[in-house]
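Rendered as structure tokens:
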């Protein structure tokens, strides 16, 4: 046990090492609104050896008497512990004391928060620090972030920039053995310090008088008096999100000093107006600021005090909010480290404060991380191969995301860059689940990802074998769902010299619509004459023209041969209205019908053979011709012949030859001529009921 005690001393410290194991000789340090405090302590001990593991990282409390029997306590954690020397009696130690919030500067992460407000995110991040006690005194309402990313930054940097963005401040409430971080968004969270009213007498005070102002300086500065910002909401591109926030500067021309920012990180104008108000309030924070020196032990950022007596009458009765305090206290020589005549206690601080009605918003000073170009995995619900929304957005899991589960919750909806995007026109290629995409960030903001490309990897190989097929380029899709490697649509360009080729493959159907003209040339103007082959596995239907069309003509020119083969089934050729003309200008026509042929003519039928012969042969079976009337005309002769029997019609007459010739009239028969001869070479027989001669 130490033979020294701090019980009645104006400075004292309590540590895990035990009562009076360390004796506080002096301290200095600084506290700042929305900042970490930092104290450097000089302590003494009888022991010349102290186990650092029992104090480094541990909580300590130290006090300074305020002159009225009460103590001002400071509580924090030992960041650094150093041996600083020894005299014949005591060993000197230096301690650096910081708030529990400082531990969050030692932890960093990459993490995604979705549909959470800033207070919710603060609770999640700060809740991981077991040494930290947080009290929120918030009066504003906070819209949830659709997507908020902590990226390659410490927890401290992340929460600091979030609070600065949202217009929040924080400060610390100290008590013996306890420390609380207070997060506030309005001045209603600030209370009076123990030195509630402070006097500054004529000539100001001496440092030995507690609770007095020693020096005072009040500055009025010209600052920007207007803040303008805007943003863009792609879901409502025409909405004007420009907002203007004016400050409270007493100088009329301050509004000419305009600050402009883009993007403001909002998609609703009401949110932009709130954020703009925070920005101008932060810009004006130091436009009216007082500074000075005091012996007020209770001065601390986040607390207020009132001016009592003051040489400047305009200051009397005014209330101020402390935003920065630097402390210095010493109990020099009290433990025999100096002659008794030099033993003395002293305390003073320097401070900055603003009028209590000034809204305490701190400027955005914490840097935001820069969103880099990186790759990510396309994800979606289990079993889905394509997962998108009405804008063609997708979801991804970043490779740095340790907490995502590679599903539809892994990110926000992310827009995909296309080669062309217009109102109901453009290109559309959606990255599918399992693909690796390239992600950039708009304005380098990690909260604003944008998919700008797709890359191959060890799992997703290129569709054309490389490097062998390096001359090939094109597109190959995949049938979905559960499409196999050979189930795809393809458009391939092969640029191999002298083997150039374009390949188009439709896995199932192909629909082609040409609104006006369509021209196909095969082999023209090249050294290769060119062939075209069309093979249809099932049916082929061609329709030229349609109802209401002025024209519907088909013209086909074949320079050599044209062959149509119907392997099985029927062939039908129909002209619904108009004429059908089939002309063989030179050469012959041969029609061979293996079974039967039926020709039906609705009106007239004409067959003309301009030269040569016309032969109609029925090899087996019968021939029949039927008409109301029938005319057969030959310029030289017409012969009807069956075996040796014939009827021959010539210019000079008609000759009927037959083994037997029978002429019979059911009612009557008449044979008449200028000269009529009836001759029977062997016999002539005439018979009848009545025979008339002459």
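Residue numbers (the working numbering): 45 to 738. Even glycine gets a Cβ: it sits at the ideal position worked out from N, Cα and C. This one's a predicted model, so the numbers in the text were calculated from it and none came from an experiment.
By Cβ distance below 6 Å, which residues in the same chain neighbour residue i in space, the five residues on each side in sequence not counted?
i	result
residue 212	227, 229
residue 193	156, 490, 491
residue 540	515
residue 116	108, 110, 341, 342
residue 359	351
residue 580	none
residue 437	457, 458, 459
residue 452	424, 425, 439
Would you report the Cα separation of residue i and residue j, rounded to the nearest angstrom?
i	j	result
residue 596	residue 621	12 Å
residue 533	residue 525	14 Å
residue 693	residue 732	31 Å
residue 460	residue 494	6 Å
residue 456	residue 442	12 Å
residue 187	residue 531	47 Å
residue 420	residue 55	57 Å
residue 631	residue 604	12 Å
residue 275	residue 295	29 Å
residue 308	residue 201	19 Å
residue 112	residue 225	27 Å
residue 364	residue 78	17 Å
residue 681	residue 638	33 Å
residue 707	residue 700	11 Å
residue 280	residue 311	9 Å
residue 658	residue 678	12 Å
residue 449	residue 478	13 Å
residue 486	residue 282	19 Å
residue 44	residue 372	A query on residue 44 cannot be resolved here, the shown segment of the chain reaching from 45 to 738 and no further.
residue 563	residue 645	36 Å
residue 118	residue 124	17 Å
residue 518	residue 484	25 Å
residue 674	residue 718	27 Å
residue 454	residue 415	18 Å
residue 333	residue 434	53 Å
residue 594	residue 556	22 Å
residue 100	residue 134	20 Å
residue 710	residue 656	42 Å
residue 152	residue 509	43 Å
Please check the pair residue i and residue j, which I expect to be a contact at CB under 8 Å, by giving their CB distance rounded to whole angstroms.
i	j	result
residue 199	residue 169	5 Å
residue 159	residue 184	Going by Cβ atoms, the distance from residue 159 to residue 184 rounds to 19 Å, so no, they are not a contact pair.
residue 802	residue 269	For residue 802 there is no data in the structure shown, the boundaries of the chain being 45 and 738.
residue 379	residue 67	6 Å
residue 121	residue 144	6 Å
residue 703	residue 688	7 Å
residue 538	residue 544	6 Å
residue 266	residue 298	7 Å
residue 235	residue 347	6 Å
residue 303	residue 327	6 Å
residue 422	residue 440	6 Å
residue 130	residue 92	6 Å
residue 181	residue 233	4 Å
residue 402	residue 319	Not quite, the Cβ-Cβ distance comes to about 19 Å (not below 8 Å), so this is no contact.
Going by the C-beta, is residue i closer than 7 Å to any heavy atom of the ligand ATP?
i	result
residue 297	Although the ligand ATP was asked about, the structure shown includes no ligands whatsoever.
Leaving aside the five residues before and after residue i along the sequence, list all residues of the same chain whose C-beta is less than 8 Å from its C-beta, in chain order.
i	result
residue 98	60, 61
residue 58	104, 105, 106, 220, 221
residue 344	75, 215, 216, 218, 237, 366, 369
residue 499	419, 480, 481, 482
residue 506	500
residue 698	691, 692
Ordered along the chain, which non-local residues of its own chain (more than five positions away) have a Cβ less than 7 Å from that of residue i?
i	result
residue 49	64
residue 313	285, 287
residue 322	211, 405
residue 551	523, 531, 532, 533
residue 80	142, 143, 145, 146
Stretch-stretch touch, CB-based, cutoff 8 Å, three pairs: the segment 78-97 with the segment 136-146: yes
Three-pair Cβ contact test at 8 Å for the segment 417-426 versus the segment 253-269: no
The segment 454-467 touching the segment 396-415, judged by at least three CB pairs closer than 8 Å: no
Contact between the segment 230-245 and the segment 335-349 (3+ Cβ pairs under 8 Å): yes
Segment contact flag, the segment 351-360 with the segment 383-403, C-beta cutoff 8 Å, min 3 pairs: no
Segments of 3+ residues assigned as beta strand (DSSP E) that fall wholly inside the segment 163-226: 178-181, 192-198, 213-219
Complete alpha helix (DSSP H) runs within the segment 544-594 (minimum length 4 residues, chain order): none
Within the segment 340-398, ranges of the beta strand (DSSP E) (whole runs, at least 3 residues): 347-351, 363-376
Within the segment 468-532, ranges of the beta strand (DSSP E) (whole runs, at least 3 residues): 480-485, 493-499, 516-520
Unbroken stretches of the beta strand (DSSP E), 3 residues or longer, contained in the segment 673-721: 682-686, 689-694, 697-701
Uninterrupted beta strand (DSSP E) stretches inside the segment 412-458 (no shorter than 3 residues): 418-423, 439-442
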